[in-house]
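Under mature numbering (1 follows the signal peptide of the UniProt record, and there is no 0), read the sequence shown as residues -22 to -1, 1 to 376, first letter to last.
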Amino acid sequence: MPMGTLVFLALLSSAAVVACHGACPSGNREHCHFDAGRRERAPDVAAALQVSHQTIDTSAANQSKLATDSVTQEGFLPRDWPRDDESRSPSVHDPCPDFLLQNRLHYRIPLEPRTSPAKVIDTFAFSFASEAEELLLRFYEMGEEVSEFHIVEGDRDFTGAMKPYNFEALLNSGQLDPWRNKITYHQVKIPAGVKGYALQEAQRQALRAQVNSFRGYNKDDILLEGDLDEILSHKLLQALKTCKPMNNIWRAHVRMADLIYSVAWTTGNVSFGTTFGFFNEGGALAGVGFVRDEGFLHWDHELSAVDGSHVAWHFSFMLNGPAALAHKIFIRTESRPDFAKEFRTEDDLATFIASSFYADPSHHDHPIFPSKLGKKDLPQALVQHPEKFPSILRNVKW
């Protein structure tokens, strides 16, 4: 049996997956429908999941379809990106000494150069068009180094209410054209009654099963699992592609600066959101691939910059306007923040956010305070293309 098949069997849960193929009425894309099998922790959710994914322009040949004036933040045309299977020039800076991998006891695990670059596979969920700025920032900062983006979207929100699929309209808007050939979009049908973190986990289970069904990965390629608003720097991704731990074990989460409402404000906390590892590391968990809720967040490896600089960020609640923020607050699983508890409707809360809250969030949400991060501490897309990120840069004065 080929090694690639063994790797995916190790990652995939014991769920039985049945696939059937048919023509897409809107084009020549392929639709696959899967019945996800049972999973011990949430059997009803897993058994009921029905997943449809759309592979959109994933072949290298489709790069020729992209507009020639589409550029990344570095000025590259899509056709100019280095091939994922090409080794880096010896003259390129070795990022391995710049990063610190340590265990829970703070023992350092040395990093060393790989013999060839890894593919980096990014996986996350999308819900609403109001997340467009966060999504665009993710592509600007991570798009050159990531080999594939796998994006899952369900048909229910966190309350369990039905919602439309929103990502495809954004994909077809032209904003994501420089990265379109790297994007695979997965649609998930969420069973009635599933909501909150159970809904989030249902989407992740479905996405893992889909990613595990793909071929062409090596056991030492890198799989990322995070939230849409968790952004890894270009520099950090270069290290993941070209470095490896000397003990050959990643199983890590990334240290992140925690920003909220806009880049101007912070909780002062450090987030440990996005988790990552080699493709074959997920097999150590209970029959599944990457289980963020049960595994990686509790694994004791942490990656950060040796010099303490910021190489990853959590851009929390940075949505495109008062109505979007009010809606997210109303549907969140946790209780509403104190400043929002007195409002009975989303419209009333949105009016307050627009008229008072955005002017100085720290006056109403007391655990937060002004951020001291400057241009050099943030994703460079925010500096180079500020006009694309008005919500993320709200109240920022450089």
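Backbone N, C-alpha and C fix where the C-beta goes; we use that ideal spot for every residue, glycine too.
First through last residue of the beta strand (DSSP E) which encompasses residue i
i: K167; result: 161 to 167
i: A230; result: 230 to 232
i: T329; result: Element bounds for T329: not the beta strand (DSSP E) but the alpha helix (DSSP H), 324 to 333.
i: H292; result: 290 to 294
i: A283; result: 279 to 283
Residue i to residue j span [Cα, whole Å]
i: F274; j: L202; result: For F274, the predicted model reports a pLDDT of 45, less than 50, meaning its position is unreliable; a value from the coordinates is still stated below. Each residue's Cα considered, the two are about 11 Å apart.
i: E179; j: G138; result: 13 Å
i: K306; j: E90; result: 42 Å
i: E122; j: L114; result: 13 Å
i: F317; j: D199; result: 44 Å
i: R92; j: A235; result: 28 Å
i: W376; j: A242; result: 10 Å
i: P223; j: D326; result: 52 Å
i: E126; j: I99; result: 5 Å
i: S65; j: G251; result: Unreliable positioning characterises S65 in this predicted model, as indicated by a pLDDT of 43, which lies under 50. A coordinate reading is not provided.
i: P142; j: V166; result: 11 Å
i: A170; j: A184; result: 16 Å
i: I331; j: Y195; result: 46 Å
i: residue 420; j: D72; result: This structure does not reach residue 420, given that the chain is present from -22 up to 376, and the question cannot be answered.
i: Q216; j: S333; result: 42 Å
i: F308; j: Q362; result: 34 Å
i: N226; j: S191; result: 24 Å
i: M140; j: E312; result: 20 Å
i: Y118; j: L351; result: 19 Å
i: D343; j: S94; result: 47 Å
Reduced DSSP category for residue i - H, G, I as helix; E, B as strand; rest coil
i: G352; result: coil
i: L371; result: coil
i: L27; result: Low local confidence applies: a pLDDT of 39 at L27 is under 50, so the model's placement there is unreliable, with the coordinate-based value given in what follows. Here L27 sits in coil by DSSP.
i: residue 398; result: Since the first residue shown for the chain is -22 and the last is 376, residue 398 is missing from the structure and cannot be characterised.
i: F136; result: coil
i: F192; result: coil
i: G15; result: Annotation note: pLDDT 29 at G15 (below 50); position unreliable, no value reported.
i: F104; result: coil
i: P364; result: helix
i: F321; result: coil
i: Q153; result: coil
i: P75; result: helix
i: E90; result: strand
i: E126; result: strand
i: E131; result: strand
First and last residue of the uninterrupted alpha helix (DSSP H) at residue i
i: P300; result: 300 to 309
i: H341; result: 339 to 342
Contact belief for residue i with residue j at Cβ below 8 Å, rounded distance in angstroms
i: G132; j: I168; result: 4 Å
i: I370; j: L360; result: 7 Å
i: E109; j: L297; result: 7 Å
i: E280; j: Q153; result: Contact doesn't hold; Cβ gap of about 34 Å is too wide.
i: F106; j: N159; result: With 8 Å as the limit, F106 and N159 do not qualify as a contact, their Cβ atoms being about 25 Å apart.
i: L206; j: A103; result: 7 Å
i: I238; j: F321; result: That belief does not hold up - the Cβ atoms of I238 and F321 are roughly 19 Å apart, past 8 Å.
i: N258; j: K219; result: Between K219 and N258 the Cβ distance is about 17 Å, and since that is not below 8 Å, they are no contact.
i: S249; j: H292; result: 4 Å
i: V232; j: A290; result: 5 Å
i: V374; j: S287; result: With a Cβ gap of about 19 Å, V374 and S287 do not count as contacting.
i: E111; j: F335; result: Their Cβ separation, rounded to whole angstroms, is 18 Å, which puts E111 and F335 out of contact at 8 Å.
Which ranges does the alpha helix (DSSP H) cover as unbroken runs of at least 4 residues, wholly within the stretch 197 to 254, from first to last along the chain? 212 to 220
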